[in-house]
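Protein sequences, first through last, are from chains A and B. Position 56, counted from 1, in the first sequence is what this note's numbering calls 39; the numbers after and before it change by one each time, with no gaps. Position 7, counted from 1, in the second sequence is what this note's numbering calls 26; the numbers after and before it change by one each time, with no gaps. Virtual Cβ for every residue (Gly too), placed ideally from N, Cα, C. Here the structure is a predicted model, which is why all the values come from computation and not from measurement. The structure appears below as structure tokens.
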Amino acid sequence: MTELFVRFLVIGTIAFGGGQAALPLVERLAVTDTGWLSSSQFAAGVGLAYITPGPVLILATYVGYVAFGLPGALVATAAVFTVPIALAASAAAVVARMERAAWFRRFGAGAAAAAIGLLGVTLFVLARPVVEVQPLLLFGAVVVFVAARRVPPMLLLVIAATTGGVLGAVLGAHP
Amino acid sequence: MALMVAGAALLTSLPAGPVLDGALLGVQVAVVGLLAVALRRLVSDVPWGPLRLLSLVALAAGLLAVNAALIVVVGGLVATGLRRD
């Protein structure tokens, strides 16, 4: 539980570039490093984060719950939002001054660029098991990629889950 | 947060079986597509130059299993050494 708190505290501190850029950090923590979640459980959590209101980093709640139950959900949520809330609430003026500083903007841009590279790793980690089950399933990801311009993510996720569930029921195993 | 807890509780309480496996696999396929969309958008926001090179280096380092937090912090530090964004 201590590891959960510390790791999400770090993630909340260095999550430059928005929640999606922080996804790789969460994936590395929850799937690759600790094995608290399987890649499909992580993907389900990302799906939930997409369809629930609020920042994507609320994924911490899901990871905490799956790993340690309700206490884990509370600890992870508190940890991931502690630093951003503390900075925003108690040191808004300091943060505003830092954001005007060139070095801080450059640091944020560099951290965000690195996080974008890591998002590619997360994509690879999530796609690999799909390919192992059935390479043709990646065609579904391409369909989602194209459709996402016009169809809300929530609807795409519901359609994908329903299709997968029906195929699972019909085929009696992985589609 | 309550919605996430409810969703996690629902997912962890559902009985394992082909229907759940299929549904999770379907969600995983969709998430791969959605993350690809997000990645494309984020990459397009990064100007050509050192920052985009930094993204590629971070990608390589990530594939080599270097600590993700370390990659982000080092990326930020490297960028502070750049003369302009």
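Next on the checklist: Could you tell me the alpha carbon to alpha carbon distance between alanine 105 of chain B and valine 153 of chain A, rounded to whole angstroms?
Outcome noted: What is shown of chain B runs 20 to 104, which leaves residue 105 of chain B out entirely.
Item to check | Inter-residue CB distance, threonine 99 of chain B and phenylalanine 90 of chain A (contact presumed, cutoff 8 Å) | outcome: 5 Å
Next on the checklist: Can you give me the C-alpha to C-alpha distance between valine 85 of chain B and alanine 49 of chain B, rounded to a whole angstrom?
Outcome noted: 27 Å
Checklist entry - Buried or exposed: where does phenylalanine 122 of chain A fall if 16 or more other Cβ atoms within 10 Å of its Cβ makes it buried? => result exposed
Checklist entry - Does the Cβ-Cβ distance between glycine 163 of chain A and valine 46 of chain B come in under 7 Å? => result Because chain A is modelled from -16 through 158, residue 163 of chain A falls outside the range shown and cannot be assessed.
Item to check | C-alpha gap between glycine 151 of chain A and aspartate 40 of chain B, whole angstroms | outcome: 7 Å
Next on the checklist: Quick check: the Cα distance between threonine -15 of chain A and phenylalanine 51 of chain A, rounded to an integer number of angstroms?
Outcome noted: 11 Å
Item to check | Beta carbon of glycine 100 of chain A nearer than 7 Å to that of serine 74 of chain B | outcome: yes
Next on the checklist: Taking the alpha helix (DSSP H) that valine 76 of chain B belongs to, which residues open and close that run?
Outcome noted: 69 to 82
Checklist entry - Looking at the C-beta of glycine 95 of chain B, does it have a partner C-beta in chain A at a distance below 7 Å? => result yes
Checklist entry - What residue does the alpha helix (DSSP H) around valine 134 of chain A start on, and which one ends it? => result That residue, valine 134 of chain A, is in no alpha helix (DSSP H); it is neither H nor E in DSSP.
Next on the checklist: At a CB distance below 9 Å, what residues from the region 70 to 96 of chain B approach chain A? Give them in sequence order.
Outcome noted: Leu70, Arg71, Leu72, Leu73, Ser74, Leu75, Val76, Ala77, Leu78, Ala79, Ala80, Gly81, Leu82, Ala84, Asn86, Ala87, Ala88, Ile90, Val91, Val92, Val93, Gly94, Gly95 and Leu96
Item to check | Where leucine 109 of chain A falls: helix, strand or coil (DSSP) | outcome: helix
Checklist entry - If we cut at 7 Å on Cβ distances, does glycine 45 of chain B have a partner in chain A? => result yes
Checklist entry - Between the C-alpha atoms of tryptophan 67 of chain B and leucine 33 of chain B, what's the straight-line distance to the nearest angstrom? => result 47 Å
Checklist entry - Anyone know if the C-beta pair for glycine 103 of chain A and leucine 78 of chain B falls short of 7 Å? => result yes
Checklist entry - Out of A/Ile(-3), A/Trp86 and A/Ala61, which has the shortest C-alpha to C-alpha gap to alanine 97 of chain A? => result A/Ile(-3)
Checklist entry - Once you ignore the five residues that flank phenylalanine 87 of chain A on each side, which residues in its own chain have a CB closer than 8 Å to its CB? => result Met81
Next on the checklist: My output table needs one value for threonine 35 of chain A: the three-state DSSP class, helix, strand or coil.
Outcome noted: coil
Item to check | Beta carbon of valine 51 of chain B nearer than 7 Å to that of alanine 124 of chain A | outcome: yes
Next on the checklist: For chain B, check one thing: does any of its Cβ atoms lie closer than 7 Å to the Cβ of isoleucine 68 of chain A?
Outcome noted: no
Item to check | alpha helix (DSSP H) runs contained entirely in the region 17 to 71 of chain A, provided each spans 4 or more residues | outcome: 22 to 34
Checklist entry - tryptophan 19 of chain A versus chain B: which residues are under 9 Å apart at the beta carbon? => result Here the premise fails: no neighbours, minimum Cβ distance about 12 Å.
Checklist entry - In chain order, what residues of the same chain have a beta carbon less than 7 Å from the beta carbon of valine 49 of chain A, not counting five sequence neighbours either side? => result Trp19, Leu20 and Gln24
Next on the checklist: To be precise: take each residue of the region 42 to 60 of chain A, compare its Cβ to all Cβ atoms of chain B, and keep it if any distance is under 8 Å. Which residues remain?
Outcome noted: Leu42, Thr44, Tyr45, Tyr48, Val49, Leu53, Ala56 and Thr60
Item to check | Cβ pair glycine 147 of chain A, leucine 44 of chain B closer than 7 Å | outcome: yes
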